[in-house]
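Participant: Protein chains in written order, with my numbering: chain A, 1 to 201; chain B, 1 to 469. Where a beta carbon is used, it is the ideal one built from N, C-alpha and C, also for glycine.
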Amino acid sequence: MEKFKNITAVAAPLPEVNVDTDKIIPKQYLKTIERTGLGKGLFSELRYNDDGTENEDFVLNKSQYRNAKILVAGDNFGCGSSREHAPWALLDYGIKVVISTSFADIFYNNCFKNGMLPIVLDETEVSLLMEETERGSNATLTVDLESQEITTSDGNKINFKIDKFLKHCLLNGLDDIALTLEKNSEIRSYEDKIKSQRPWV
Amino acid sequence: MSKSRTIYDKIWDDHLVNTNDDGTSLIYIDRHLVHEVTSPQAFEGLRMTKRKVRCPEKTLAVVDHNVPTTDRKNGIEDEESRIQVEALEKNCKEFGVEYFNELDIRQGIVHVVGPEQGFTLPGTTIMCGDSHTSTHGAFGALAMGIGTSEVEHILATQTLIQRKAKNFRVNVGGTAPDGVTAKDIILSIIGEIGAGGGTGSVIEYTGKAISDLSMEGRMTVCNMSIEGGARAGLIGPDEKTFSYIKDRPRSPKGDDFDRAVDYWNALNSDKDAYFDRDVYLDAAALPPVVTWGTSPEDVVSINGEVPDPEGIDDEIRKETKKSALEYMDLKPGTKIKDIELDVIFIGSCTNGRIEDLREVAKVVEGHHVNENLNAMIVPGSGLVKEQAINEGLDKIFMAAGFEWREPGCSMCLAMNPDKLLPGQRCASTSNRNFEGRQGFRGRTHLVSPAMAAAAAIAGRFVDVRDFVK
Ligand code: SF4
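(1) Counting along the chain, where does the alpha helix (DSSP H) carrying glutamine 387/B start and finish?
(2) Quick one: residues in its chain with C-beta nearer than 6 Å to the C-beta of serine 295/B, no 5 flanking neighbours on either side, listed in chain order?
(3) Quick check on DSSP: helix, strand or coil for methionine 116/A?
(4) Are the beta-carbon atoms belonging to arginine 163/B and threonine 6/B less than 9 Å from one another?
(5) Give, in chain order, every residue of the segment 189-200 of chain B whose Cβ lies closer than 7 Å to some Cβ of chain A.
(6) List the whole-angstrom C-beta distance separating valine 10/A from serine 137/A, where the pair is believed to meet the contact cut-off of C-beta under 8 Å.
(7) Here's the rule: buried if 16 or more other CB atoms are within 10 angstroms of the residue's CB, otherwise exposed. What is histidine 368/B?
(8) Once DSSP output is grouped into helix, strand and coil, what is the label at asparagine 138/A?
(9) Please tell me whether isoleucine 344/B and alanine 260/B are closer than 9 Å, where the distance is taken between their beta carbons.
(10) Give me the residue from Glu84/A, Ile177/A, Ile194/A and Lys193/A with the minimum Cα distance to leucine 26/B.
(11) So who's on the other strand from isoleucine 150/A, going by DSSP bridges?
(12) Between leucine 204/A and alanine 361/B, what straight-line distance do the alpha-carbon atoms span, to the nearest angstrom?
(13) Identify every run of the alpha helix (DSSP H) within the segment 262-343 of chain B, keeping only runs that are complete inside it and at least 4 residues long; order them along the chain.
(14) On a CA-only basis, which of Gln197/A, Lys113/A, Glu132/A and Val120/A is nearest histidine 168/A? Give me that one, please.
(15) To be precise: take each residue of the segment 409-427 of chain B, compare its Cβ to all Cβ atoms of chain A, and keep it if any distance is under 9 Å. Which residues remain?
(16) Excluding the 5 residues flanking glycine 207/B on each side, which residues of the same chain have their C-beta closer than 7 Å to its C-beta?
(17) Measuring only between beta-carbons, confirm whether proline 68/B sits less than 9 Å from chain A.
(18) Can you tell me the Cα-Cα spacing of glutamate 146/A and lysine 69/A, whole angstroms?
(19) Quickly, what does DSSP pair proline 252/B with across the bridge? List them, please.
(20) Scan the segment 367-396 of chain B for residues whose Cβ lies nearer than 9 Å to a Cβ of chain A and list them as they occur along the chain.
(21) So, leucine 155/B versus glutamine 117/B, is the Cβ gap smaller than 9 Å?
(22) Would you identify the three-state DSSP class for cysteine 426/B, choosing helix, strand or coil?
(23) Among the residues of its own chain, which have a CB less than 7 Å from the CB of alanine 400/B, if the five just before and after it don't count?
(24) For glutamine 117/B, which residues in chain A fall below 8 Å Cβ to Cβ?
(25) Quick check on arginine 106/B - is its C-beta less than 9 Å from some C-beta in chain A?
(26) If we ignore side chains and look at the alpha-carbon of each, how far apart do lysine 157/A and valine 384/B end up?
(27) For serine 214/B, which of Ala450/B, Asp282/B, Phe139/B and Arg437/B has the nearest alpha-carbon?
(28) Return yes when at least one heavy atom of the ligand SF4 lies under 8 Å from the C-beta of threonine 350/B, else no.
(29) I want to verify the contact list: residues of chain B whose CB lies under 7 Å from the CB of isoleucine 106/A, in sequence order.
(30) In whole angstroms, what separates the C-alpha of valine 120/A from that of asparagine 76/A?
(31) Anything in chain B within Cβ reach of arginine 66/A, meaning under 9 Å, just list it in chain order.
(32) Going by other Cβ atoms of all chains shown within 10 Å of its Cβ, with 16 needed for buried, is methionine 130/A buried or exposed?
(33) Where do the ends of the alpha helix (DSSP H) carrying lysine 362/B lie?
(34) Exposed or buried, which one is arginine 35/A when buried takes at least 16 other CB atoms within 10 Å?
(35) Listing by chain order, which chain A residues have their CB less than 8 Å from the CB of valine 17/B?
(36) Starting from phenylalanine 129/A and walking both ways along the alpha helix (DSSP H), at which residues does that stretch end?
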């Protein structure tokens, strides 16, 4: 997995609650057997008109947000389906950080498996950043994982919380499976125990 | 561990392989269900790292999302769907995983198949790369949806890295009136707690109205836990649970079964167990409900009207709900009963089981589907279909003008050819009314099977309680 350390980029606003993973990446893109190439389908039902041209009103199609790598969104972002295609699509498009007041659990987890950073802030902080994004390409945010700090272009700082283990994995780009396989003997002794205690399992 | 514990606490404790100082834990996974959409990249990952499936016998795979619901003997026409289905078949063969293909009578929606096969057992941990894995919680199992990276993690290690979630109890007391079903109960709960209300929690459903439910009804409730944001939903096992499980192909037999029942009985939450949050609902006061918007939290009584978002304080929420109304082409104040429909979809892992089909048959027998709409019934599995045929339900459906299809996810997410056309309005027994979920620009109203059946006859929403009178 790719490491995540820090990023300085334009942030785009998505002032909407309950942005679901069907909206992030509609089902027609789920037929792939690859992880890559999903960026073209990101928010496709909002991003494109019926004739396939770009919908000018959609935030990521506006010139000032074309290079956005950070999204600032409403509450309960990423709800619904467990499809990891949602973070894959965001990442493939170039978005590495999503900031919201809350995330659906599965989406939140999925981000960390792909070197993406979802950040939970309180309502005031999210509205502040939402306002900041209004300044378009003139306003970049810097997100630093090590110091757990977001810095606006005016130098204002906001701290964020993050689970120690997840932070460690993200900073070092660690492979979960390899980490777990180091505990193979513990897994094996658990399996032995269960064989006698709950043989029907 | 003498402390009082919830059923979630107990299952968690019994599956801990290891806990770090910071609370990050490795939990053992007893059962892993696999389908074609969220697994190809996981198997590919195993191949790339030269890893094996650690416990193929604890893994069961089935195709459901992509399969057409019309005759399948000639294969799948859509090329991408076919490739995905073939990939699953090939992966299962290569890694030694049992697989039900689209012509197998045991094939169906993964969350219908698991319980049917006795693969789903109380007190087990059950994972699947699918958010509605919460369904299996109806048996008192800890069942969660996961992403593809975690699918790969389980395939390789039979474990998952997790932190413990909070305990959230939803107590539904009283007796649900006739015509108010499991679907109305869970939609009402989501309406109450909101689509993100259960985030970070495992919900345990308790109370008389929950224990009154059949296993099918309990599965409907647990199925939609994810629509309330919860990691999982759970219902303590009881006699109904045990008799459902007994004699299923994969369930424990003989002495093992008796021993298992003792263990299962002891799983129920202790009387004074601690819950981080409690919500109470009185089932006796619930009406049949319908969703009006594009989030499952947008719930309203069949006798109500489309609400006016202007009253919402939070700006972002207000704007979201206004755009939902625009998408749904509805105006505040419109009576729900005045909403006319184009399509009726009965099926999905929420309501595609035999009891759901019986409910539908009860309502539609001797009636005919309204001439202005198309109505389709998609059984949740081949075995559900067979059972319905044995009971003669298929004849009732076809006489009433319903299309009677082959099992699969179908129009619940419209990955196969069953789709709404832009602008079409559907009463659906599925679980998500998201924009475009049932087809690009399609409009979905979530309801119970009985309500969908009544709407199919009337051509618009009606109170099923008036209808059957
Ligand atoms: S029926 Fe719908 S919700 Fe259930 S597994 Fe299939 S697509 Fe998912």
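Facilitator: In this structure, then:
(1) 382-390
(2) Ala195
(3) coil
(4) no
(5) Ala195, Gly196, Thr199 and Gly200
(6) 5 Å
(7) exposed
(8) helix
(9) no
(10) Ile177/A
(11) Val143/A and Ile158/A
(12) A question about residue 204/A goes unanswered here, because the residues of chain A that appear run from 1 up to 201.
(13) 315-328
(14) Lys113/A
(15) Leu413, Ala414, Met415 and Pro422
(16) Asn171, Val172 and Gly173
(17) no
(18) 19 Å
(19) According to DSSP, proline 252/B bridges with nothing at all.
(20) none
(21) no
(22) strand
(23) Val364, His367, His368 and Val369
(24) In chain order: nothing, as chain A lies at least about 14 Å away.
(25) no
(26) 58 Å
(27) Phe139/B
(28) yes
(29) Ser131, Gly145, Ile146 and Gly147
(30) 10 Å
(31) Going along chain B, no residue has its Cβ under 9 Å from arginine 66/A, so there is no contact; the nearest lies around 23 Å.
(32) buried
(33) 354-364
(34) buried
(35) Lys183, Glu186, Ile187 and Tyr190
(36) Reading off the sequence shown, one finds leucine at residue 129/A, where the question assumed phenylalanine. 123-133 is the span of the alpha helix (DSSP H), which, as asked, contains leucine 129/A.
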